[in-house]
Each structure stands twice: as C-alpha cells, then as structure tokens.
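Basically the working numbering = 1-based index in the sequence shown + 266.
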Amino acid sequence: MRLAAIGDVHGRWVDADRAWFAGADYDAILVVGDLAGLRFGPTLEIARQLARLDGPVVVVAGNHDGPNPAQLLAEVAGRPWAGDVFTRQLAARYAQLESVLAGRLGGYSAHEVGPAGDRVTVIVGRPMSMGGPQLSFPGFLRERFGVEDLEGSAARLREVVDGVQTERVVFVAHNGPAGLGSRRADPWGCDFRAAEGDWGDADLTAAVAYAQACGKRVLAVLAGHMHRKLRGGGDRTASVERDGVVYINTAQVPRIDASGRHHVALEIDGLDVRFSDVRVPA
Numbered sequence: 267m268r269l270a271a272i273g274d275v276h277g278r279w280v281d282a283d284r285a286w287f288a289g290a291d292y293d294a295i296l297v298v299g300d301l302a303g304l305r306f307g308p309t310l311e312i313a314r315q316l317a318r319l320d321g322p323v324v325v326v327a328g329n330h331d332g333p334n335p336a337q338l339l340a341e342v343a344g345r346p347w348a349g350d351v352f353t354r355q356l357a358a359r360y361a362q363l364e365s366v367l368a369g370r371l372g373g374y375s376a377h378e379v380g381p382a383g384d385r386v387t388v389i390v391g392r393p394m395s396m397g398g399p400q401l402s403f404p405g406f407l408r409e410r411f412g413v414e415d416l417e418g419s420a421a422r423l424r425e426v427v428d429g430v431q432t433e434r435v436v437f438v439a440h441n442g443p444a445g446l447g448s449r450r451a452d453p454w455g456c457d458f459r460a461a462e463g464d465w466g467d468a469d470l471t472a473a474v475a476y477a478q479a480c481g482k483r484v485l486a487v488l489a490g491h492m493h494r495k496l497r498g499g500g501d502r503t504a505s506v507e508r509d510g511v512v513y514i515n516t517a518q519v520p521r522i523d524a525s526g527r528h529h530v531a532l533e534i535d536g537l538d539v540r541f542s543d544v545r546v547p548a
C-alpha cells in the first residue's frame, strides 16, 4: 500500500500537481492542512483542486483554513475568548470547506483506505490545532464537535478509535503529538520562544496510546504545522520512531521551490513502514 502525505500547502499548489498525483498510483492522498494563508478565497480554490483528485483524499483543516486575522491574533495572544466572537463565521467557513471537499474533509473521524483485504484506517485528529498547552478555537470546537477542552478532545478521539474495524491505523493531524521532545529542533518543538518547549498536542498523544492499548497497530503519525525550516535558522528533525510508531513532520515550507514539489511517500507492507521525501520537478 502506498500513501502520499502533503504537508502545509500555504498556497503552493499548481495544476501540474493534480496531473502528477493522478498517475502516481497512491492508494490515498493525505493533506495535513494550511491550504493557503489568511485569505479564505485561495483556501477554497485549493480545496476545489484537491476535490478533483482521483482516488481517496483525506484533508484535515489547519489553523489558516478558516479563522480570520483577528481571530488568529487572539489565539496567538493567548486570549481565545476574544476570538470566540468570530465562531459563527469560522463555523460557516468550515461548512464551506466540507461542501467543497465533498466527504474528503476529516476531523475526529476515521477513513478506511487501501485495497480490499489490505485496509488501513486513517484517524484524523483535532482540526485547526495551533499546538501548545491550550485548545485552539474553543468556541468553534464546542459548537461543531462538542469539545470543551483538551481532555474532551482526547475523549472524542478515543470514541473514534473504538469504532475502528481494522487492526492497522495511521493518524493524521494538523499539529503533531506531544512527548517527542522539547528542544526547538525536535519534530514539534517550539522554535519561536527562547525557552523552547514541547509544542505538540497532548490529546493526540493520548489517542495514539489508547489505540495501542486497544490492540491496534499504530503504524505512523503524520502532521505538520511546525515548519521543518526553523525560525532563526537550521532544520527541524523531520521524523522519529518510538515504540514501533513512525512520527513524520511533513511541513516542508515552502512546499514548492527550486528543488521541486514536495510530499512524503509512505509505503506499508504488513506492519513494515518505509517513507521518503519526494520532490517532483517543478
């Protein structure tokens, strides 16, 4: 089985991408979010292009895929209550994404992919995560998913795990899990504060552990948000393996540069997982 994981797009999607993926023989294409920037029009346009891809496509919304600049600023400033006044607008934009992507938008959801007799379930985590110790966009999550806090988010993900029918599982989220390091260059370490710190999502970590405790074989966790190119210079560690699970930060930003158009290829053979960065000539 072959899966393609596309990191934070941030507007870097061209017509040639659709043609290339159409002939690439992937069993599913997984997109970790941040389709464009702060303007919602380009986000919708890229969503329309993704919806035209052949075969299964699963997209999780990033923190740039619906919030307006004022709401995003309130989150960055640590005042999510200030951004709650825009919850209705964010919910309406999310509904537009759902309509455009026509069943391809995931969030607290499970999606079986792969050929008959060799299926894997893709579990999609919390949409629009900005990482760190607090719940991003709490008003929206409360209204749309009934999630009040991080523990409630973990509980919602446990419910998703309980409904999974396959033994093998791959998690996909916008931001990665906590517990993989607190240095700036760790897969989801904080590179925008002098104190550094672990900027992963505790609810995603809890969901992975729960799936393993339930006897599921968690093969990989794919996410982005924390760009591979570090603020201040240097490169982030893009992948680690812990307890048989491969964790991959897919956020090569910009996705398209002189070296080509980036995505991650994931090959699954039973319980064996191989992955590589792919750069298609630009």
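All residues carry an ideal CB built from backbone N, CA and C; glycine is no exception.
Across the structure, Leu532 and Ala358 are spaced so that their CA atoms are roughly 34 Å apart.
Counting the other Cβ atoms within 10 Å of the Cβ of Glu341 gives 16 or more, which makes it buried. For Leu319, the secondary structure class from DSSP, reduced to helix, strand or coil, is coil.
Asp523 sits in a strand when the DSSP states are folded into three classes.
When secondary structure is reduced to three states using DSSP, Pro453 falls in the coil class, being assigned neither helix nor strand.
Counting only unbroken stretches of 4 or more residues, the alpha helix (DSSP H) elements lying wholly within the stretch 339-376 are 346-349, 353-367, in sequence order. For a cut-off of 8 Å, the C-beta gap from Gly442 to Ala489 is around 4 Å, short enough to register as a contact.
Taking a cut-off of 8 Å for Cβ pairs, the stretch 411-426 and the stretch 484-500 do not touch, as fewer than three such pairs fall below it. With contacts defined by Cβ atoms closer than 8 Å, Asp293 and Pro404 do not form a contacting pair. Taking all protein chains in view, the Cβ of Gln400 is surrounded by fewer than 16 other Cβ atoms within 10 Å, so the residue is classified as exposed.
Taking a cut-off of 8 Å on C-beta distances, the stretch 278-289 does not touch the stretch 501-516, as fewer than three cross pairs fall below it. Under the three-pair Cβ rule at 8 Å, the stretch 322-342 does not count as touching the stretch 412-422.
From the listed residues Gly328, Trp347, Val326, the smallest Cα separation to Ala336 is found for Trp347. For Ala468, the closest of Val324, Ala461, Arg459, Trp454 by C-alpha to C-alpha distance is Trp454. 8 Å or more divides the Cβ of Leu269 from the Cβ of Ala327. Assigned with DSSP and collapsed to three states, Gly418 falls in helix. Pro308 and Gly273 do not touch by the CB rule: their CB atoms are close to 17 Å apart, not below 8 Å. Going by beta carbons, Val511 and Val530 fall outside the 8 Å limit.
Looking at the backbone, the Cα of Arg370 and that of Arg449 are separated by about 34 Å.
The C-beta distance from His491 to Gly397 rounds to 6 Å, short enough to meet the 8 Å contact threshold. Within its own chain, the residues whose Cβ lies closer than 7 Å to the Cβ of Ala420, once the five positions on either side in sequence are excluded, are Asp469, Ala472, Ala473, listed in chain order.
Excluding five sequence positions before and after Gly447, the CB atoms of its chain that fall closer than 6 Å to its own CB belong to Gly455, given in chain order. Annotated three-state conformation of Tyr513 is strand, per DSSP. Each of Val435, Leu301, Val298, Gln315 was checked against the Cα of Lys482, and the nearest Cα belongs to Val435.
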